[in-house]
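Asker: Encoded as structure tokens, here's the structure I'll be asking about.
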Amino acid sequence: MCSPCFDGFTGYGVPVDPLAPLLDLADVAPALAEARERVDAAMRHRALRRHGGQVAAEASLRAAVSSAALEGSVYDLDDVRGGTVTDPVVQGALRVAEGIGGLVDLWPRAPRQVLAKLHVLAARGVVPPADLGRLTGSAERVDLLAGLVAGNDRTPPLLLAAVVHAELITLRPFAGPAGVVARAAARLTLISRGFDPRGLVAVEVGHQSREPEYVGSAGAYATGTPDGLRSWLRHYASAVIIAADEITAIGDNVLATV
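In the working numbering, the protein residues as written are 10 to 267.
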């Protein structure tokens, strides 16, 4: 786990950016900057002027399908779109995707509460009802992460989202599809911090398209070494770039069909 990420951090209300040293790791700052530029360029797509809602809905669907696939529930996108897939992990990922919009404002104020809500949405029908929204361990670490999120307007959004994702995917503090929760929390971070206010950046698609790298870099992050942290952050930037290209592809398809 990334213990250096929390050095000097004591609780809610982040006075300084405890993640700033991560930007000094080799190639990390340029990789994140490139990812930001690619997203900014994708956000200028013509389809978003009149069909932004349609693009956002498709991006949300693709994010859900990819997130479920990363938990082992792999299904064709068109089958999920057609409503024929009843797999509980897929259904949970779809509920999470639908519910994210209503949690954006709460996330930076009460992240622990939001994580519990995300788990309830993701794990219904997968774990016993008594386990929904309840941590299975790592409570102290989750508290530290919640404190890092709450009131933090200093850490660059992309960097914060990457750390939120990695911490939760490493800890897996909930039973069942904890990865769905981790990826949703990262997406909430990007939306609530203004990096992706319209919910268009389906980073989950990027993770799935580079799944071996995703798994490997997450494992490297868990070592807490500089090389491990660097590996994860570079992967995250690459996944965001793929997500930016996905916006363009969705936008092109929308314009071709209207």
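For each residue, glycine too, the CB sits at the ideal point set by N, CA and C.
Since the structure is predicted, the reported quantities are computational estimates derived from the model, not experimental observations.
Measure the Cβ-Cβ separation of residue 105 and residue 130 and say whether it is below 8 Å.
Answerer: If you number the sequence shown from 1, residue 105 lands on position 96. If you number the sequence shown from 1, residue 130 lands on position 121. The answer is yes: Cβ separation under 8 Å.
Asker: Round the Cβ separation of residue 142 and residue 155 to the nearest angstrom and send it over; I've been treating them as touching at under 8 Å.
Answerer: For the purposes of this step, residue 142 is taken as the residue at position 133 of the sequence shown. For the purposes of this step, residue 155 is taken as the residue at position 146 of the sequence shown. Residue 142 to residue 155, Cβ: 14 Å. No contact.
Asker: Figure out for me which residue from 116, 27, 34 and 56 has the closest Cα to the Cα of residue 209.
Answerer: The count along the sequence shown starts at 1 and reaches residue 209 at position 200. Nearest option by C-alpha distance: 56.
Asker: Roughly how many angstroms separate the alpha carbons of residue 47 and residue 264, rounded to a whole number?
Answerer: Walking along the sequence shown from the start, residue 47 turns up at place 38. Walking along the sequence shown from the start, residue 264 turns up at place 255. The alpha-carbon atoms of residue 47 and residue 264 are separated by roughly 20 Å.
Asker: What do you reckon, are the CB atoms on residue 34 and residue 242 nearer than 8 Å?
Answerer: Numbered from its first residue, the sequence shown carries residue 34 at position 25. Numbered from its first residue, the sequence shown carries residue 242 at position 233. Going by C-beta atoms, residue 34 is nearer than 8 Å to residue 242.
Asker: What do you get for residue 93, buried or exposed, if any count of 16 or more other CB atoms within 10 angstroms of its CB means buried?
Answerer: For the purposes of this step, residue 93 is identified with residue 84 of the sequence shown, where counting begins at 1. It is exposed - the Cβ of residue 93 has fewer than 16 other Cβ atoms within 10 Å.
Asker: From 205, 224, 238 and 216, pick the residue whose C-alpha is nearest to that of residue 61; which is it?
Answerer: Here the question's residue 61 lines up with position 52 in the sequence shown. That would be 205, whose Cα lies nearest to the Cα of residue 61.
Asker: Please confirm whether residue 189 and residue 77 have their CB atoms less than 8 Å apart.
Answerer: Counted from its first residue, the sequence shown places residue 189 at position 180. Counted from its first residue, the sequence shown places residue 77 at position 68. Yes, Cβ-Cβ distance for residue 189 and residue 77 is below 8 Å.
Asker: Helix, strand or coil for residue 94, going by three-state DSSP, please let me know.
Answerer: For the purposes of this step, residue 94 is identified with residue 85 of the sequence shown, where counting begins at 1. Three-state DSSP puts residue 94 in coil, outside helix and strand.
Asker: Have a look at 226, 157 and 88 and flag the residue whose alpha-carbon is nearest the alpha-carbon of residue 121.
Answerer: As a first step, residue 121 must be located in the sequence shown, where it is residue number 112. The option with the nearest alpha carbon to residue 121 is 157.
Asker: Along the chain, where does the alpha helix (DSSP H) containing residue 161 start, and where does it finish?
Answerer: Along the sequence shown, read from residue 1 onward, the residue named residue 161 stands at position 152. Careful: residue 161 lies outside any alpha helix (DSSP H) and carries neither H nor E.
Asker: What residue from 203, 69, 51 and 226 has the CA that sits closest to residue 164's CA?
Answerer: Taking the first residue of the sequence shown as position 1, residue 164 is located at position 155. Nearest option by C-alpha distance: 203.
Asker: Report the residue from 159, 183 and 193 whose alpha carbon sits nearest the alpha carbon of residue 108.
Answerer: Sequence index remark: in the sequence shown, residue 108 carries index 99 (1-based). Minimum Cα distance to residue 108 is reached at 193.
Asker: Alpha carbon to alpha carbon, what distance is there between residue 112 and residue 197?
Answerer: Translated into the one-based positions of the sequence shown, residue 197 becomes position 188. Translated into the one-based positions of the sequence shown, residue 112 becomes position 103. Answer to the nearest angstrom: the Cα atoms are 8 Å apart.
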